[in-house]
Amino acid sequence: ILVVASLLAMQVRQDAWLSSIVGMLVNILLMTLYIVLLKMYPGMTLTQMTEVILGKWLGKAISILYVLFFFLLTVYLINLTGNFIVTTIFPDTPFIVIHITFTMVVAMAVRYGLEVFSRAAELFAPFIFVFFLFILIALIPLIDVNKIKPVLEAGIGPIIYAGIHFASIQELVCFMMVAPFVNRPQRIPKSLLIGGGIGALIIIMVTTVSMLVLGPDFSARNLFPAFVLAKKISIGQFLQRVEVIMLAIWF
């Protein structure tokens, strides 16, 4: 949520919102592929599927790369979290303290298992949606449509390329390791499409509002434009500094 608008604005400037829509369409195609694979190979994780489809040795090689992807993704996200907290909230806190803290959180999530993690997500989801809608509604007076003009200035090719980059950010392929452990596998296709669609819509709205309020230049220069958006909210003289809500949504 925090960095997508910046990454897309660096590539296609004010057409970032179009790239996010292209990315959602790409994600729908990918989710359809995942659903087909899950139906063809029920009860298998992606690593098991690769061995069946590609053979033992090539399948294991691909599986190793897939597992390595999880480690690299974890390192990247923990590092991004550390950069965000140090640059915006605790500038005097050493990076290592933040990294160790969140590494312990990840370790606890793994220790307690998938069900505890999922129940926590289910508990906090309604609050996240309410806070997110509040932030979007509060930003409506600051919207300037002229900031996304001219449309299609970047060209179709760069917009599609950035959209594919956007699709990779959601990392929906990770669910291929979780699907076999779902209690009601018949609901996986619907849940995957709804969850992936909601996630994509949230990122599209954040990207679009970033372009409309901050503009492409500021969004590209700032690594966390969504956080800056929340800082701009000021309702009267009694409701300010609501960026902590955006911080809670991201965590």
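Position in the sequence shown (from 1) plus 1083 gives the number in my numbering. Cβ coordinates follow ideal geometry from the N, Cα and C atoms, glycine included.
Beta-carbon proximity list for M1132, same chain, < 7 Å, skipping 5 on both sides: Position 49 of the sequence shown, counted from the first residue, corresponds to residue 1132. Same-chain partners within the cutoff: L1120, Y1124.
query: Under a Cβ-count criterion, where at least 16 other Cβ atoms within 10 Å of its own Cβ denotes burial, should A1313 be classed as buried or exposed?
result: Position 230 of the sequence shown, counting from 1, holds the residue named residue 1313. Flag for A1313 reads buried.
- prompt: For G1165, which of T1176, V1289, G1240 has the nearest alpha-carbon?
  reply: Working through the sequence shown from its first residue, we reach residue 1165 at position 82. Nearest Cα to G1165 within the set T1176, V1289, G1240: T1176.
message: For a test of the three-state rule: what should DSSP assign to S1089, helix, strand or coil?
response: Mapped onto the sequence shown, residue 1089 falls at position 6. In this structure, S1089 counts as helix in the three-state DSSP scheme.
task: Could you name the residues of the same chain whose beta carbon sits closer than 7 Å to that of V1105, not counting the 5 residues immediately before and after it, in chain order?
output: As a first step, residue 1105 must be located in the sequence shown, where it is residue number 22. Excluding positions up to five away in sequence, the list reads I1242, I1243, G1246.
message: Taking its Cβ as the centre, do 16 or more other Cβ atoms sit within 10 Å of I1136, making it buried, or is it exposed?
response: Counting from one through the sequence shown, the residue named residue 1136 turns up at place 53. I1136 should be labelled exposed.
field: Cβ-Cβ separation, Q1094 to E1236 (assumed contact under 8 Å), whole Å
entry: Position 153 of the sequence shown, counted from the first residue, corresponds to residue 1236. Position 11 of the sequence shown, counted from the first residue, corresponds to residue 1094. Going by Cβ atoms, the distance from E1236 to Q1094 rounds to 12 Å, so no, they are not a contact pair.
query: By how many angstroms is the C-alpha of A1099 removed from the C-alpha of A1303?
result: Taking the sequence shown and counting its residues from 1, the one referred to as residue 1303 is at position 220. Taking the sequence shown and counting its residues from 1, the one referred to as residue 1099 is at position 16. Roughly 10 Å between the two C-alpha positions.
- prompt: Hey, how far is the Cα of I1168 from the Cα of T1128?
  reply: The residue given as residue 1168 occupies position 85 in the sequence shown. The residue given as residue 1128 occupies position 45 in the sequence shown. Approximately 35 Å, taken between the alpha carbons.
Alpha-carbon spacing of F1301 relative to V1180, whole angstroms: Position 218 of the sequence shown holds residue 1301. Position 97 of the sequence shown holds residue 1180. Those two C-alpha atoms are separated by around 30 Å.
- prompt: How would you write the range of the alpha helix (DSSP H) that S1358 sits in, first residue to last?
  reply: Any answer about residue 1358 is impossible in this case: the structure gives the chain only from 1084 up to 1334.
message: Quick check on DSSP: helix, strand or coil for P1241?
response: Walking along the sequence shown from the start, residue 1241 turns up at place 158. Of the three classes helix, strand and coil, the one that applies to P1241 here is helix, per DSSP.
query: Do you know offhand how far R1267's Cα is from G1126's?
result: Here the question's residue 1267 lines up with position 184 in the sequence shown. Here the question's residue 1126 lines up with position 43 in the sequence shown. Computed Cα separation, rounded: 11 Å.
V1150, buried or exposed, once every other Cβ within 10 Å from all chains shown has been counted against 16: Against the sequence shown, residue 1150 aligns to sequence position 67. With fewer than 16 other Cβ atoms within 10 Å, it is exposed.
Simplified DSSP state of G1165, which is helix, strand or coil: Mapped onto the sequence shown, residue 1165 falls at position 82. Helix, per DSSP.
- prompt: Within 10 angstroms of its Cβ, does M1191 collect 16 or more other Cβ (buried), or is it exposed?
  reply: Locating residue 1191 in the sequence shown gives position 108, where the first residue counts as 1. Counting Cβ neighbours within 10 Å, M1191 comes out exposed, since fewer than 16 surround it.
task: Inspect the beta-carbon positions of L1275 and M1114 and report whether they are closer than 8 Å.
output: Stepping through the sequence shown from its first residue, residue 1275 is reached at position 192. Stepping through the sequence shown from its first residue, residue 1114 is reached at position 31. Yes, they are a contact pair.
task: Assign A1309 to buried or exposed, taking buried as 16 or more other Cβ atoms, counted over all protein chains shown, within 10 Å of its Cβ.
output: Against the sequence shown, residue 1309 aligns to sequence position 226. It is buried - the Cβ of A1309 has at least 16 other Cβ atoms within 10 Å.
query: So what does DSSP say about K1232, is it helix, strand or coil?
result: By 1-based counting over the sequence shown, the position of residue 1232 is 149. Of the three classes helix, strand and coil, the one that applies to K1232 here is coil, per DSSP.
- prompt: How long is the line joining the alpha carbons of L1090 and L1306, rounded to whole angstroms?
  reply: Residue 1090 sits at position 7 when you count from the first residue of the sequence shown. Residue 1306 sits at position 223 when you count from the first residue of the sequence shown. Whole-angstrom Cα-Cα distance: 8 Å.
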